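Inspection log for the structure reproduced underneath, given as structure tokens.
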Amino acid sequence: MRFYLKTTAIALALAATVGSVKADGHGGVEVLHWWTSGGEAAALNVLKDDLEGQGIGWTDMPVAGGGGEQAMTVLRARVTAGNAPTAVQGLGFDIIDWANQGALANLNEVAAAEGWDEVVPTALQQFAKVNGAWVSAPVNVHSTNWVWANKAVLDANGIAAPETWEDFVAALEALSAAGITPIAHGGQAWQEATVFDGVAMSVLGPDGYKAAFVDLDPEVLGGDAMKEAFDRMAVIRANVDENFSGRDWNLATAMVINGEAGFQMMGDWAKGEFLNAGQVPGEDFLCFRFPGTQDQVTFNADQFMMFDQGGSVSAEQAALASAILSPSFQSAFNVVKGSVPARTDVSDADFDACGKQGMADLAAAASSGNLFGSMAHGHANEAAVKNAMYDVITAHFNGEFDSETAVEELVTAVEIAQ
Ligand code: GAL
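Residues -23 to -1, 1 to 395 (mature numbering (1 follows the signal peptide of the UniProt record, and there is no 0)) are what the sequence shown spells out, left to right.
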């Protein structure tokens, strides 16, 4: 049923776009993205307004589905039909893949004029600049190893923000005893993988995380620490409500906002939902790194890939890229989105406490060798490997494998996917 609904939504999105693309012609951009939740849409409006202020029309091409899997399916169909959108939200290795296929326009002229080389963090440039050509405009830096909590719920139950796994387990037990759902979770593979980013980092440590998810070392993928990470996932599974299956991530965030649940493990796009609901960090909700990963940042950066429209980069594409990289936009957009700027020279003055922490954590992690691309969001490995990992993580979460079987399956699945 879910597959049918998804397929129908994608077909409708494709049908709806045919007319708008042709009608769009020159003078505007058609933007394919998956920012459809309340917080995401609020942030997207900052970008739309910016462009409209410059007289550039915006044709919206939203494809719902957190993490972007459905959006990428629509994109492949559009490119195959010879009808690529002007600009497309993209992540990590997917961008490199499209660039290597020759599908993306070269933005070097605007990048050079605006000095992107000097201000975009090196960790991001590896996904934005392919074989010496800038092919996408980085909008933000998100990270996945965060926990979001309802402050009133924690206070009422005498729980402080947990700093260790043991503290976290004690907090889950206290909430459960009080009749509150300890963890708000949406049962979709990408969400389980997002939780796994933080859980695996907490057990494997930074060297182990890199060895497993970036270098794909079978010893680490199949080792005792990985088995322990799966054991922790089983503890998390035991602390979600009965209706978790298939739930969208923002509906899980709403459970924390409403006080139905204590915690959610999710990237900092969740903060956009709290803000959109009028909540204030430190007063209504808390943000903290997943216990045991306080020094690490597992990042994913949203970018807009500019698809080659048959020639050099269009004036509208260059204007969009330039608007995205402008320091004032980077501040205004990321304040709303929950992410932090994709430039190193933007002030944190307008950011709330979680945003300030996010910026400080990113800078500290980058300089201490603790910054890693998120496995769950396509910044550690190519899509085939990522999807192989998703399959095993989600099968284990849903009780198909015990932890010992999961590590064996992980080694095999990754080997086949390479
Ligand atoms: C991520 C993306 C975020 C957010 C999230 C949920 O992949 O980087 O910007 O949109 O999905 O939709």
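The beta-carbon is built from N, C-alpha and C at its ideal position, and this holds for glycine as well.
Since the model is a prediction, treat every value here as computed from it, not as a measurement.
query: Taking contact to mean at least 3 C-beta pairs separated by less than 8 Å, is the segment 270 to 283 in contact with the segment 340 to 354?; result: yes
query: Between Ala254, Ala247, Asn253 and Ile301, which lies nearest to Cys264 when the distance is taken from Cα to Cα?; result: Ala247
query: Our contact map puts Val6 next to Thr57 with C-beta atoms below 8 Å; I'd like the distance itself, whole angstroms only.; result: With 8 Å as the limit, Val6 and Thr57 do not qualify as a contact, their Cβ atoms being about 21 Å apart.
query: Could you name the residues of the same chain whose beta carbon sits closer than 6 Å to that of Pro183, not counting the 5 residues immediately before and after it, in chain order?; result: Gln273 and Asn347
query: Below 8 Å between beta carbons: does that hold for Gly163 and Arg214?; result: no
query: List the endpoints of the continuous alpha helix (DSSP H) containing Asp37.; result: Not the alpha helix (DSSP H): Asp37 falls in the beta strand (DSSP E), residues Gly34 to Pro39.
query: Between Trp11, Gly4 and Ala18, which has its C-alpha nearest Leu252's C-alpha?; result: Ala18
query: Note down the Cα distance separating Ala390 from Ala326, rounded to an integer number of angstroms.; result: 45 Å
query: Let me know if Gly259 comes out buried or exposed under the rule of 16 or more other beta-carbons within 10 Å of its beta-carbon.; result: exposed
query: The ligand GAL heavy atoms versus the CB of Glu359: any closer than 7 Å?; result: no
query: Is it right to say Arg266 is buried, meaning 16 or more other beta carbons lie within 10 angstroms of its own, or is it exposed?; result: buried
query: Straight-line CA distance for Gly34 to Gly4?; result: 6 Å
query: Counting pairs of Cβ atoms below 8 Å between the segment 98 to 108 and the segment 217 to 234, do you hit three or more?; result: no
query: In whole angstroms, what is the alpha-carbon distance linking Asp338 and Gly69?; result: 20 Å
query: Under a Cβ-count criterion, where at least 16 other Cβ atoms within 10 Å of its own Cβ denotes burial, should Val257 be classed as buried or exposed?; result: exposed
query: Which partner residues does Cys264 have in the DSSP bridge list?; result: Trp125
query: Apart from the five residues on each side of it in sequence, which residues of its chain come closer than 7 Å, Cβ to Cβ, to Ala383?; result: Phe207, Val369 and His373
query: Of the choices Arg320, Glu385 and Gly244, whose alpha-carbon is the least far from that of Glu95?; result: Arg320
query: Short of 8 Å in beta carbon distance, which residues of its chain neighbour Gly(-5), apart from the five on each side in sequence? Order them along the chain.; result: Low confidence applies to Gly(-5): its pLDDT is 32, below 50, so where it sits in the model is not reliable, and the reading given next is rough at best. Correct list: empty, nothing qualifies.
query: So, is Ala322 buried or exposed, given that buried needs 16 or more other C-beta atoms within 10 angstroms?; result: Correcting the residue type first, residue 322 is Asp in the shown sequence and not Ala. So Asp322 counts as exposed.
query: May I have the straight-line CA-CA distance separating Gly288 from Gln280, to the nearest angstrom?; result: 21 Å
query: Hey, quick one: how far does the alpha helix (DSSP H) through Phe104 stretch, first residue to last?; result: Thr99 to Ala105
query: Give me the DSSP bridge partner(s) of Pro258.; result: Phe262
query: Which same chain residues end up closer than 7 Å to Ala343 when comparing Cβ atoms and leaving out the 5 residues on each side of it in sequence?; result: Pro98 and Ala100
query: Suppose contacts are defined by Cβ-Cβ distances below 8 Å. Is Ala300 in contact with Gln31 by that definition?; result: yes
query: For the alpha helix (DSSP H) that Ile157 lies in, which residues bound it at each end?; result: Per DSSP, Ile157 belongs to no alpha helix (DSSP H) and is neither H nor E.
query: Using a Cβ-Cβ cut-off of 6 Å (strictly less than) and excluding sequence neighbours within five positions of Gln395, which residues of its own chain qualify?; result: none
query: Which of the three DSSP states, helix, strand or coil, is assigned to Leu348?; result: strand
query: Taking C-alpha atoms, which residue in Glu91, Ala309, Ser324 and Val191 lies nearest to Val362?; result: Val191
query: Please tell me whether Phe173 and Ala353 are closer than 8 Å, where the distance is taken between their beta carbons.; result: yes
query: Is Asn253 near the ligand GAL, in the sense that its beta carbon is under 7 Å from a heavy atom of that ligand?; result: no
query: Looking at the secondary structure, which residues open and close the beta strand (DSSP E) in which Thr371 lies?; result: Not the beta strand (DSSP E): Thr371 falls in the alpha helix (DSSP H), residues Ala360 to Phe374.
query: So Phe310 is in the alpha helix (DSSP H); what residue range does that whole segment cover?; result: Pro304 to Lys314
query: Mapping the DSSP letters down to three states, classify Leu193 as helix, strand or coil.; result: coil
query: If you count every other CB in all the chains shown that lies within 10 Å of the CB of Ile393, and 16 or more means buried, which is it?; result: exposed
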